[in-house]
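Numbering (the working numbering), first residue to last: 18 to 847.
Every residue, glycine too, gets a C-beta built ideally from N, C-alpha and C.
Report on the following structure.
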């Protein structure tokens, strides 16, 4: 990751005007790891005193090389052959265009003479320092890897050594002060420098090693991990520990490695606020941002590598808290992985990165790329887990990778050689059978997210509250992500024709940012980065969350508009083949239109998916729009169906939209991207008062099944849809779900406090009553279900009294202390 956390720029020291140093030649092109002990000591290492200690550091350097370069693959077999050749081509280009000068190593990556009073400029300069080290690292890898055409190449080695010296002289040494983004100096640059130093260890002189060590000690002092606060938490903390560990391994300083090991420990315990991993599976970074897929990716990547590096050594990570993180694989990461992709709603501003302007390989970052990287980290982490955990994770990983039809991991597009070597070994292991996607519903109250999986589809909802931002922008990224926390409903049907590419294929630069699927928003124009950076924009509401029995689920969000007067009550009811979506109390005085977006389907660059409304196919041309005053159902071929109980006024659009990644991220490519969309809207008009909507989403349904569901008036009963209460029943499933925005009665349920309630009756004569307090403010509550109940077979500690009989009466104690987590009661029916 780059430029990860806001910070005030530090004034830059005056630039040194010394010319760059000539490269230091080193004998031999062989790739042995060890440097003679006297050279290590000369480079500033504390004498270890024993050959065994020296050998252990040499072993650790060899392990890191293997983690960087991979092992067990054939460089002449695909995809490695092509990937290594591409690496060689790119390294050749970096070598041939390198032009050391004051303030730069490459003409297009100037880091010279920043103005300390110009924040944006300083940030750009510090970013280019990291970029320069990234290029040098690629050159070093091309030198070390087989099959690049540059393996052991003397001219490439000389260029790497020249580049290291130049960067050390110009910007990364113990006499200069950092500027711009702290991340580039404390994590981005030193991680890459240390990789280079270990990869090129035998070719660097004692003086060069000493300079690298001194620079890292200067910019990354031990004090950075002295307390668990500020920018030294979560993923950032693990990144810092990696720097400290590699710096210690580089010159044999045991104390540095021990510090890195010990400084990992604060990451493990569950947190109840701020950054970190929560007991409910949430993962937060930057205080207000759900970040499982981005900072969480850095966290699991860093920990998997540290576990692998230090495991079996004097400094193995044995803290008892490590099991908490191992549990997070299935509790926090797996729920957001679907057929190889990582769901976007936990990737923060990373969703806007897409195609980066400076990426010479033109690799688009997307949900599949992020997913593949996390799965690869899970594979590596498994090496430090129990045998049972490792076996489960390998089966999950094989299932995720083999079901990914949009982005085949074996092409080598999404992973580096090292990770790819581990993945191809897994895919070639016939003893590992791919695991199916788990079925179930999960609510993550601490980060206002939920996921749902059935045999027919996967879905996820993104919400926001006082504790969770509408969206994150910063460093010029994700400047139009305004409404991603306003009820964004993402979904994928089993075996969908797009192969999981709905939100991957140019979606974010081309979708109308005011018409994200599932959201209710004001069309009031917003400025880029509206509301402020780093999660500053948060709605003044605490009501976000839901209840689940683990299979079905009820979610509710008290929606407040970003820089808007908009208010709305939204509820979702997740079932086997459908999501029932209700909205009520929709009110605004912005002087702008308000819409609820039933869906906005990405049809691709040339897609012509047929839209049918009430059995009548509509024109496939672009642009096209129409209003259907009494629509009962609609269907988008190859995607799914939509049913409108009682009928609705439906606006349907077909449009072709063009945008650029640069328009949503300053570092993105300005190449135009065009995609076609089929969009369905409930248009509430300008300044609506107490408007509402009701629809049923049927992911992957055929036109016939959609029409049949619309005709079946007995399948769904919408009991109430108001700003006070929203509730539905599906008798065939024994399902009742109610959002009690206020105390009251809906059907057979009565509560005396604001709660979300789900009841599910089963054919075996049992039922579950699932209750949550999204507000986290209910100190006592009573629920009455007017249904004969023989006995209560299980209940949580929050239930202080349970009275079965002609009706069930449950008395709850302090629900505010449950953190919004579902309280599930199991009963036997009379």
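Classify residue i: buried if its beta carbon has 16 or more other beta carbons within 10 angstroms, exposed otherwise.
i	result
residue 690	buried
residue 144	buried
residue 721	exposed
residue 71	buried
residue 44	Unreliable placement is indicated for residue 44, whose pLDDT of 27 sits below 50; the coordinate value is still reported in the next sentence. So residue 44 counts as exposed.
residue 100	buried
residue 640	exposed
residue 269	buried
residue 566	buried
residue 545	exposed
DSSP three-state label for residue i, please.
i	result
residue 659	strand
residue 281	helix
residue 41	The pLDDT assigned to residue 41 is 28, lower than 50, so where the model puts this residue is not dependable; a value taken from the coordinates is nonetheless given after this. Here residue 41 sits in coil by DSSP.
residue 612	strand
residue 374	coil
residue 892	No answer is possible for residue 892: it lies beyond the span of the chain, which begins at 18 and ends at 847.
residue 623	coil
residue 441	helix
residue 501	coil
residue 474	strand
residue 832	coil
residue 694	strand
residue 682	strand
residue 847	coil
residue 519	coil
residue 575	strand
residue 302	strand
residue 749	helix
residue 88	coil
residue 162	coil
residue 340	helix
residue 775	strand
residue 809	strand
residue 509	strand
For residue i, tell me which candidate among the options has the shortest Cα-Cα distance.
i	options	result
residue 657	82, 798, 838 and 695	695
residue 803	280, 764 and 788	764
residue 223	182, 256 and 200	182
residue 265	327, 612 and 561	327
residue 676	527, 68 and 739	527
residue 453	180, 418, 194 and 229	418
residue 797	831, 218, 818 and 646	831
residue 732	592, 795, 518 and 709	592
residue 477	122, 716, 111 and 230	716
residue 758	471, 124, 558 and 463	558
residue 1	367, 348 and 323	Nothing about residue 1 can be read from this structure; the chain reaches only from 18 to 847.
residue 787	174, 542, 827 and 465	827
residue 700	741, 634 and 604	604
residue 479	353, 542 and 274	353
residue 416	571, 351, 370 and 726	351
residue 497	683, 250 and 400	683
According to DSSP, residue i sits in a beta bridge with which residue or residues?
i	result
residue 598	589 and 712
residue 738	743
residue 461	466
residue 841	787
residue 628	653
residue 700	612
residue 633	630
residue 225	Looking at the DSSP assignment, residue 225 forms no beta bridge with any residue, so it has no partner.
residue 802	766 and 825
residue 603	708
Please confirm whether any heavy atom of the ligand PLP lies closer than 7 angstroms to the CB of residue i.
i	result
residue 417	Of ligands this structure carries none, so the ligand PLP is not represented either.
Within 8 angstroms (strictly less), CB to CB, does residue i reach chain B?
i	result
residue 294	Among the protein chains of the structure shown there is no chain B, as only one such chain exists.
Across the segment 366–386 and the segment 505–524, are there enough close Cβ pairs to call them in contact, namely three or more that are closer than 8 angstroms?
Short answer: they touch.
Measuring CB atoms only, is the segment 279–298 touching the segment 337–352, in the sense that at least three cross pairs come out at less than 8 angstroms?
yes
Should the segment 347–363 be regarded as contacting the segment 294–311, the criterion being three or more beta carbon pairs within less than 8 angstroms?
yes
Pairs of beta-carbons, one from the segment 527–546 and one from the segment 737–747, closer than 8 angstroms: are there three or more?
The way I'd put it, the segment 527–546 doesn't touch the segment 737–747; fewer than three beta-carbon pairs between them come closer than 8 angstroms.
Are the segment 204–212 and the segment 147–154 touching, with three or more C-beta to C-beta distances below 8 angstroms?
Output reads yes: the segment 147–154 touches the segment 204–212.
If we count Cβ pairs, one from each stretch, closer than 8 angstroms, do we get three or more for the segment 545–555 versus the segment 482–496?
yes
Check whether the segment 812–822 and the segment 774–785 are in contact - that is, three or more C-beta pairs closer than 8 angstroms.
no
Below 8 angstroms, can you find three or more Cβ-Cβ pairs linking the segment 696–710 to the segment 607–615?
The segment 696–710 vs the segment 607–615: in contact.
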